[in-house]
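Asks: Keeping their order, the protein sequence lines are chains A and B.
For the first sequence, the working numbering assigns the number 478 to the last residue and increments by one with no breaks.
For the second sequence, the working numbering assigns the number 1478 to the last residue and increments by one with no breaks.
Handing you a structure now.
2 protein chains.
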Amino acid sequence: MSSSQPPVIVNRNILEMEYAVRGPIPQRAATMQQQGQNIIPCNIGNPQALGQSPLTYYRQVLSLVEEPSKIARERTLKDLFEETPYSELKDDDFISDYVLSTSEDILAKSSTGTGAYTESKGFRFIRLAIAKFINQRDGHTGEMSANPEHIFLTDGASDAAKRVLNLLIADENDGIMIPIPQYPLYSASIKMFGGVQVNYYPDEDNDWTLSRAELETSLEKAQSEGVNVKAMVVINPGNPTGAILDAQSIREVIDFAKAHHLAIIADEVYQDNVYGGEFISFAKALGADTVPLFSLHSISKGFFGECGHRGGYLEVRNPPQVAGANLNFIDLLLKQASVSLCANTAGQILTYLMVSPPEQGSRPHALFIQEKEKVLAELHRKATMIRSAFNQMDGVECFGKTGAMYLFPRLNKLPAGKNDYDYCMALLEETGLVTVNGSGFGQKEGTHHLRIAFLPPIELLAEVLPQWIAFHNRFVAM
Amino acid sequence: MSSSQPPVIVNRNILEMEYAVRGPIPQRAATMQQQGQNIIPCNIGNPQALGQSPLTYYRQVLSLVEEPSKIARERTLKDLFEETPYSELKDDDFISDYVLSTSEDILAKSSTGTGAYTESKGFRFIRLAIAKFINQRDGHTGEMSANPEHIFLTDGASDAAKRVLNLLIADENDGIMIPIPQYPLYSASIKMFGGVQVNYYPDEDNDWTLSRAELETSLEKAQSEGVNVKAMVVINPGNPTGAILDAQSIREVIDFAKAHHLAIIADEVYQDNVYGGEFISFAKALGADTVPLFSLHSISKGFFGECGHRGGYLEVRNPPQVAGANLNFIDLLLKQASVSLCANTAGQILTYLMVSPPEQGSRPHALFIQEKEKVLAELHRKATMIRSAFNQMDGVECFGKTGAMYLFPRLNKLPAGKNDYDYCMALLEETGLVTVNGSGFGQKEGTHHLRIAFLPPIELLAEVLPQWIAFHNRFVAM
């Protein structure tokens, strides 16, 4: 039942906000699925929804941390089995000592397990482990080391991005530079917090690289319109483009941010998803430069794909001074975190496991590496299969070194009056493939794209790609 | 290292927002603890941090859902054991069939387990279970039944409250009525979203009841100042007061909201925490009235206390019409939820278990009831112990039927120049008891209070209460 009261005026920013990844195309797909049609959901980077298995090690540990009494029981079972083996059970049917002691160690360090609120920033032992992971990844020591007090555990990276944007946008003239195309979390959040979206355009034909000239043009245009640009977002590897940013582009961004006193928000959630190219973190590239940097990572992507558990972290480097207050930026992030109490503990534990893989030589290590390499090799193979299919589609080009979980081909040839939304909807109706039209992410005027997450099982791709090629060549010839 | 860039102007709302529950007193407590002093953290309703054990049933199921391969293994172990019992193992060392099949059932209904993003609203099978729970709790059938499409799973109730407030506050003249004292999530969120906090005062000396006259006075005052009041928050059982709202007060609220076209935000996270009084849900009291109602529940409180897992739900009844848009309020909540992708899955699973306790007669049922009753009986006993201590403290009065996890005594006698903040800080220094001063929640001018969460183990309370009494009578006589 609806209220019989007069209509209510709601927050205009939320009313006007757009979020295409979960928009009309996936809604149509949901309806088709309810009607019994086969759907291949490539609209979201949601690997486990497409059959990717969770990593054995992560789940073994998480499961024990959630039910600590099992640890002692596992030890009892093992002891009994060693004395009097049941022929039906193999050694592999028992949880390794390494997993048992890792779980015990987590419980001891947490002191309260998963059922209590943690510190607002997240468990301190996890923040220490994250700092260590960052230092090892980037070769940082001494002064350059990550500071565990500048790390916040969050409910996924989206949560972290929103907090930073909410703090930085102080009024309706404050602008945030975002790449076009972009992950719509950014445009939606900037809208929600009442700021100005300032677009900049990576060079698609040049593998989505960034040039200082393009960044300056974007900034000048915004400033000429009275916008006070505070920060720029970089997504590397890219979403939706999937492209890996090269060292030169990263250096251009840092020099540009330094020259114009901007903060950098580096969305690096796909740092483990590079197939051939090299990931360079902004923290590493920054070196001793004191540009404020907010870098985001997440358990949702990589080779683990634990999207549902909503875990991630924000690392702050060179926190900005806060005007007119004796609080620093970290205090403000802490206050903001306090209102949400803490990030969920299962997500925190998985974040810990992400930054602390099983040690070399330990019992779970071999299987861990095997599972990891299988997932990454399959992702690479799927991306390659789809790229090859593009070669057979009239007027389709796809740029950039492959990273993340996405390809973002440009549709150079569409029938008159049709755009990429029409194309994606028709593709869905005909083949069951759910993709997102380029306009959902933003794109250069007059161009058309789509984003496909290269996640479906290989056999399914092998089946649907010929259908897509046939559909495509028919559609564009209409 | 800090940035060498010029100071940045940040969001003033976040800069000015206050959040006392995690403010200077708990910060001082943390320092004392680091220095090796004993601290009794009664500043937060965080039961498992104070030794309360998680419910066996919840964790057994969650643990299996997180590692599904264990289900088959448990069956194998059990079969083997039944054939050839190991004398060292008892039947109780095996997971019951009921737990195994509940876990399988959850996995089957979820279809993607805990590792994938769920629908933005949360798993549909959980929303169906919540609707059933609400209908049973409130005796609703037919037209009055809860609608699973109007239920949203959230990362704790705080998340739900923030979403509703963010949507309702459309500009800086929009006001939200909140009780004084209140849980600072509300004042902080209203501040964060740029609205106006409109205070109303439950009648402390009359067990914190609400009267229509008080509500009208509060509204009139706000309207005379140009404030456009959109909704009122009710917290029942109360936080920080711990008081249970009576039927008459609830009726007054509904009639008042109806007369003035306000929405009701009913924070009912303590609905299982009633010791002697009766909890009446707003959904039940509403009956066929079409006042918009947003009711919140959570896994953090009750007898389960799963704070760290951040689970909860929002149920919307009579969603308001949205002015100037063909989207309805549910669509807007959905869009908002989409930007966060989904609530964390472990929290969702625990929410499912909260609304679906083990069936009577099932193997886990007896233990479940035993654990439930033990926790509730202990909470009641602790509240009673603390209330008795108040009787020995000069000038301390505590009103209301006991509910939630808090007592909120009034300190009628304080030395000249001292307030409740001074009192709580001195209490901490002297006894290690961490409480929150009444001013952290708001209180009638000229009064002083504190909030204590009645969670510490009974032996610890028995030890500290005499120290508190001694401290108190010395402090007020200064």
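Glycine is no exception: its CB is placed at the ideal position from the N, C-alpha and C atoms.
1) Runs of 3 residues minimum, wholly inside the region 1249-1276 of chain B: which ones carry the beta strand (DSSP E) assignment?
2) List, in chain order, every chain A residue whose beta-carbon is nearer than 7 Å to that of B:A1325.
3) My guess is that B:N1473 and B:M1393 are in contact by the Cβ rule of under 8 Å, so how many angstroms apart are they, rounded?
4) Would you grab the beta carbon distance between B:I1160 and B:L1296 for me? Rounded to a whole angstrom, and I think it's under 8 Å.
5) My parser needs the beta strand (DSSP E) runs of 3 or more residues fully inside the region 1387-1472 of chain B; what are they?
6) With respect to the beta strand (DSSP E) encompassing B:L1293, which residues constitute its N-terminal and C-terminal limits?
7) So that I know if they touch, is there some Cβ in chain B lying closer than 7 Å to that of A:T112?
8) Inspect the beta-carbon positions of B:A1157 and B:G1403 and report whether they are closer than 7 Å.
9) Would a check of beta-carbon distances place B:S1338 closer than 7 Å to chain A?
10) In whole angstroms, what is the alpha-carbon distance linking A:V132 and A:A146?
11) Looking at the secondary structure, which residues open and close the beta strand (DSSP E) in which B:D1174 lies?
12) Residues of chain B with CB under 7 Å from A:H261, in chain order?
13) If you measure from the beta carbon of A:R59 to each beta carbon in chain B, is any gap under 7 Å?
14) Between the region 1363-1375 of chain B and the region 1429-1436 of chain B, do at least 3 Cβ pairs fall closer than 8 Å?
15) Inspect the CB distances between the region 1029-1038 of chain B and the region 338-348 of chain A and report whether three or more fall short of 8 Å.
16) Can you give the Cα-Cα distance for A:I178 and B:N1166, rounded to whole angstroms?
17) Residues in the same chain with beta-carbon distance under 7 Å from B:K1372, minus the five sequence neighbours each way, listed in chain order, please.
18) Keeping to the same chain, check which residues put their C-beta closer than 7 Å to that of A:S96; ignore five residues upstream and five downstream.
19) Go to B:M1339, then tell me how far its alpha helix (DSSP H) extends in each direction, as first and last residue.
20) Quick check: the Cα distance between B:Q1060 and B:A1383, rounded to an integer number of angstroms?
21) Is it buried or exposed for A:T241, if we count other Cβ within 10 angstroms and need 16 for buried?
22) Can you tell me whether A:Q417 is buried or exposed? The criterion is at least 16 other CB atoms within 10 Å of its CB, across all chains shown.
23) Distance cutoff 7 Å, beta carbons only. Does B:Q1321 sit that close to anything in chain A?
24) So, for A:N13: in the same chain, excluding its five sequence neighbours on each side, which residues have a beta-carbon less than 8 Å away from its beta-carbon?
25) Does chain B have any CB closer than 7 Å to the CB of A:I490?
26) Identify whether B:T1384 lies in helix, strand or coil by the three-state DSSP scheme.
27) Step through the CB atoms of chain A and report whether any lies within less than 7 Å of the CB of B:L1062.
28) Chain A beta carbons: is any one of them nearer than 7 Å to that of B:S1103?
29) In the DSSP assignment, find the unbroken beta strand (DSSP E) run with A:V234 in it and report its ends.
30) Which ranges would you report for the alpha helix (DSSP H) in the region 1093-1137 of chain B if only whole runs of at least 4 residues count?
31) Which residues in the same chain as B:D1207 place their Cβ atom closer than 7 Å to its Cβ, once the five residues preceding and following it in sequence are excluded?
32) Once the 5 residues before and after B:C1307 are set aside, which same chain residues still bring their CB inside 6 Å of it?
33) Does A:P240 come within less than 7 Å of chain B when only Cβ atoms are used?
34) What residue from B:S1002, B:Q1048, B:Y1019 has the CA that sits closest to B:P1456's CA?
35) Just to make sure I have the definition right: I need the residues of chain A whose C-beta is within less than 8 Å of the C-beta of B:Y1183. Which are they?
36) Starting from B:E1315, trace the beta strand (DSSP E) both ways and give me its first and last residue.
Replies: Let me lay it out:
1) 1263-1267
2) For the purposes of this step, residue 1325 of chain B is identified with residue 325 of the second sequence, where counting begins at 1. The answer, in chain order, is L15.
3) Taking the first residue of the second sequence as 1, we reach residue 1473 of chain B at position 473. Taking the first residue of the second sequence as 1, we reach residue 1393 of chain B at position 393. Right, the Cβ-Cβ distance comes to about 7 Å (below 8 Å), so this counts as a contact.
4) Here residue 1160 of chain B is taken as the residue at index 160 of the second sequence, counted from 1. Here residue 1296 of chain B is taken as the residue at index 296 of the second sequence, counted from 1. For the record, residue 1160 of chain B in the displayed sequence is Ala; it is not Ile. That belief holds up - the Cβ atoms of B:A1160 and B:L1296 are roughly 5 Å apart, short of 8 Å.
5) 1450-1453
6) Residue numbering aside, residue 1293 of chain B sits at position 293 when the second sequence is read from its first letter. 1293-1298 is the extent of the beta strand (DSSP E) around B:L1293.
7) Numbered from its first residue, the first sequence carries residue 112 of chain A at position 112. Yes, contact with chain B.
8) Taking the first residue of the second sequence as 1, we reach residue 1157 of chain B at position 157. Taking the first residue of the second sequence as 1, we reach residue 1403 of chain B at position 403. Not a contact, by the Cβ cut-off of 7 Å.
9) Here residue 1338 of chain B is taken as the residue at index 338 of the second sequence, counted from 1. At least one chain A Cβ lies under 7 Å of B:S1338.
10) Working through the first sequence from its first residue, we reach residue 132 of chain A at position 132. Working through the first sequence from its first residue, we reach residue 146 of chain A at position 146. One point to set straight first is that residue 132 of chain A is Lys, not Val, in the sequence displayed. Looking at the two C-alpha atoms, the distance is approximately 7 Å.
11) Within the second sequence, the letter at position 174 stands for residue 1174 of chain B. 1174-1179 is the extent of the beta strand (DSSP E) around B:D1174.
12) As a working mapping, residue 261 of chain A is identified with position 261 in the first sequence. Per Cβ cutoff of 7 Å: Q1005, P1006.
13) The residue labelled residue 59 of chain A in the question sits at position 59 within the first sequence. Cβ-Cβ to chain B under 7 Å: yes for A:R59.
14) no
15) no
16) Here residue 178 of chain A corresponds to residue number 178 of the first sequence, with the count starting at 1. Here residue 1166 of chain B corresponds to residue number 166 of the second sequence, with the count starting at 1. The alpha-carbon atoms of A:I178 and B:N1166 are separated by roughly 24 Å.
17) The count along the second sequence starts at 1 and reaches residue 1372 of chain B at position 372. Here the set comprises F1303.
18) The sequence position of residue 96 of chain A within the first sequence is 96, counting from 1. Contacts found: R363, P364.
19) As a position in the second sequence, residue 1339 of chain B is number 339, starting the count at 1. A small correction: the amino acid at residue 1339 of chain B is Val; Met does not occupy that position in the sequence shown. First-last of the alpha helix (DSSP H) with B:V1339: 1329-1339.
20) Residue 1060 of chain B sits at position 60 when you count from the first residue of the second sequence. Residue 1383 of chain B sits at position 383 when you count from the first residue of the second sequence. The straight-line gap from Cα to Cα measures roughly 30 Å.
21) For the purposes of this step, residue 241 of chain A is taken as the residue at position 241 of the first sequence. Buried.
22) Reading the first sequence from its first residue, position 417 is the one you call residue 417 of chain A. The question names Gln, but residue 417 of chain A is Gly in the sequence shown. Classification of A:G417: exposed, given that the 10 Å Cβ count is below 16.
23) Reading the second sequence from its first residue, position 321 is the one you call residue 1321 of chain B. Yes, contact with chain A.
24) Here the question's residue 13 of chain A lines up with position 13 in the first sequence. Cβ within range, chain order: K191, M192, F193, G194.
25) Since the first and last residues shown for chain A are 1 and 478, residue 490 of chain A lies out of range.
26) Position 384 of the second sequence, counted from the first residue, corresponds to residue 1384 of chain B. Of the three classes helix, strand and coil, the one that applies to B:T1384 here is helix, per DSSP.
27) Numbered from its first residue, the second sequence carries residue 1062 of chain B at position 62. So yes, B:L1062 belongs to the interface.
28) Taking the second sequence and counting its residues from 1, the one referred to as residue 1103 of chain B is at position 103. Output row for B:S1103: interface = no.
29) For the purposes of this step, residue 234 of chain A is taken as the residue at position 234 of the first sequence. Note, A:V234: beta strand (DSSP E), 228-235.
30) 1097-1110
31) Looking up residue 1207 of chain B in the second sequence gives position 207. Here the set comprises A1243, F1399, G1400, K1401.
32) Translated into positions along the second sequence, residue 1307 of chain B becomes position 307. These residues qualify, in order along the chain: N1046, S1300.
33) Here residue 240 of chain A refers to the residue found at position 240 of the first sequence. No - not a single Cβ of chain B is within 7 Å of the one on A:P240.
34) In the second sequence, residue 1456 of chain B corresponds to position 456, counting from 1. Among B:S1002, B:Q1048, B:Y1019, the Cα nearest to that of B:P1456 is on B:Q1048.
35) Working through the second sequence from its first residue, we reach residue 1183 of chain B at position 183. Neighbours of B:Y1183 on chain A: none; closest Cβ ~11 Å, over 8 Å.
36) As a first step, residue 1315 of chain B must be located in the second sequence, where it is residue number 315. Element bounds for B:E1315: 1312-1317.
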